[in-house]
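>
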Amino acid sequence: MLDLNRYINLKPQHRGYHTLILVSLLLAILGLYAAYVMEHAGHHITGMNNHIVWGLPHVFAIALIVTASGALNGASLSSVFGLNILKPYARFSVVLAMCSLVGGLLVLVLDLGRPDRLIVAMTTYNFRSVFAWNIFLYTGFLAIGVVYLWMMMEKRLHRYVTTVGRLAFAWRLILTTATGSIFGFLVGRNALDSALLAPLFIALSLAMGTALLLVALYALAHWQRDELDTAIVQSLKRLLVWFLIALVYFSVVQHITNLYVAEHHGSERFTLLGPLSGIFWLGHVVLGVALPIGLLVLGSDSARKTLCASVATMLGGGALIYVIVVGSQSTPQRLFPGHTVLASRFGDAGFAPYRASHWEWGLGLGGIAIAILLCLLILRILPLIPASPVRVKAGD
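Following the numbering used here, the numbering of the sequence shown begins with 615 at its first residue and continues without gaps.
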């Protein structure tokens, strides 16, 4: 479908834009320095150990990757599902998704300890491993995103936008399913070992991506001294509520399933009542679900409450990923199924403590900062945002 909107590159008129660039640049430098220090000093300077091998950087990386998939909502809803009110921001949605994915992958690579070993992973494939699948899924997502953006920007190719949009929509669902399956296929971990993690990650992706899109659109409008059309905000708010409800549904079903299966009782008790239960209940349930739904459904239509709900959704999603990634490793592993371990020299009989170091925080925040800088750079170069304020007409 032909897009009649005129687009320009970003021309910010607010000092908040320059403040964001300076803060992001500082965090990016600190993140790269943290990666350098960890690579040369070794991972013993982090909080990770033989039990917790995926720490806070992996939480940041997975959160960015999952959010990237959901941030494509603006483009998918307009070109695939015909929601024309979001069409002016479809280009921006694609760039936002791609930059988030690049930031997440960068954290993932720099957290490996030996980034040069990535060459081996990219040339030697074990197709029984979900990790091998994800190499193709992540690079494919970026390639499809570039083609998708090209179709949108080239008027003579507009007739292909819907076709490429459908491919991008299907690809991102597969990508998020594979990301959730990384953990769901780990049958040796009682806290994981569930096919429900795949749809749970999809719901989490849709919620976090929509929340990020809302925050980003508000930021664009603020920098250009404009206001978002109420119809656009209301549409995204309704979608966010439904995505949060879907997240609650899959989360509840997963925990009920684990409580029903006797072998998962120990890990489920650890998640709901153990040392990390505060992060689950306060971070995921209260901050990430109850508060956003309350603000969006019961609150007024103020921009401040919408922004608070969006930020809370992303923080709560990060808390859930932390519980899934770190919590599953902290739970005592079942080394001898059907037997009780009376004594062990390896410290695997109880809770494995983990406290993230400042190096890990630096690397994770650096990944977010690089994603922001990359997105702002592309917005300054390419015409991706509407030239005039978007006003929705009745019937759109």
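Just so it is clear, CB atoms sit at the ideal spot from N, CA and C, and this is done for glycine as well.
Note the first and the last residue of the continuous alpha helix (DSSP H) segment covering MET822.
Start and end: 811 to 837.
> Can you tell me whether GLN627 is buried or exposed? The criterion is at least 16 other CB atoms within 10 Å of its CB, across all chains shown.
So GLN627 counts as exposed.
> Which same chain residues end up closer than 6 Å to ALA675 when comparing Cβ atoms and leaving out the 5 residues on each side of it in sequence?
So the qualifying residues of the chain are GLY718, VAL721 and LEU722.
> Nearest-angstrom Cα distance between ALA845 and HIS672?
Taking the straight line joining both Cα atoms gives about 37 Å.
> For VAL651, which residues from the same chain have a beta carbon less than 8 Å from its beta carbon, with the 5 sequence-adjacent residues on both sides left out?
Contacts found: ILE659 and TRP973.
> For LEU827, which option in HIS654, LEU988, SER683 and GLY630 has the closest C-alpha, if you only look at C-alpha atoms?
Out of HIS654, LEU988, SER683 and GLY630, SER683 has the C-alpha closest to the C-alpha of LEU827.
> How big is the Cα-Cα spacing for LEU678 and SER714?
Near 6 Å, if we compare the C-alpha coordinates of SER714 and LEU678.
> Suppose you measure from the CA of ASN623 to the CA of SER743; what does that come to, to the nearest Å?
Approximately 42 Å between the Cα atoms of the pair.
> Let me know the secondary structure DSSP gives TRP621 once reduced to three states.
Residue 621 is actually Tyr in this sequence, not Trp. Three-state result, TYR621: strand.
> Count the other C-beta atoms from every protein chain shown that fall within 10 angstroms of the C-beta of PRO967, then say buried if there are 16 or more, exposed otherwise.
Classification of PRO967: exposed, given that the 10 Å Cβ count is below 16.
> What residue does the alpha helix (DSSP H) around ILE937 start on, and which one ends it?
Looking at the sequence itself, residue 937 is Val, so the reference to Ile does not match. Careful: VAL937 lies outside any alpha helix (DSSP H) and carries neither H nor E.
> Residues in its own chain within less than 7 Å of ALA1001 by CB, not counting five upstream and five downstream?
Closer than 7 Å at Cβ, skipping near neighbours: ARG620, TYR621 and ILE622.
> What are the residues that DSSP puts in a beta bridge with ILE999?
For ILE999, which the question treats as bridged, DSSP gives the partners ILE622.
> Looking at the structure shown, is ASP730 part of a helix, part of a strand, or coil, going by DSSP?
Of the three classes helix, strand and coil, the one that applies to ASP730 here is helix, per DSSP.
> Confirm, please, whether the CB-CB distance from LEU854 to THR824 is below 8 Å.
Closer than 8 Å, so yes.
> On the three-state DSSP scale, how would you describe GLY754?
In this structure, GLY754 counts as helix in the three-state DSSP scheme.
> Quick check on the DSSP output: what are the complete beta strand (DSSP E) runs of length 3 or more inside the segment 840 to 869, in order along the chain?
DSSP runs (the beta strand (DSSP E)) wholly in the segment 840 to 869: none.
> Short of 7 Å in beta carbon distance, which residues of its chain neighbour GLY902, apart from the five on each side in sequence? Order them along the chain.
Here the set comprises ALA926, THR927, LEU929, GLY930, GLY931, ALA933 and LEU934.
> Should TYR631 go down as buried or exposed, given a rule of 16 or more other Cβ atoms within 10 Å for buried?
Counting Cβ neighbours within 10 Å, TYR631 comes out buried, since at least 16 surround it.
> Does the beta-carbon of GLY941 have 16 or more other beta-carbons within 10 angstroms, so that it is buried, or is it exposed?
When all chains shown are included, GLY941 counts as buried.
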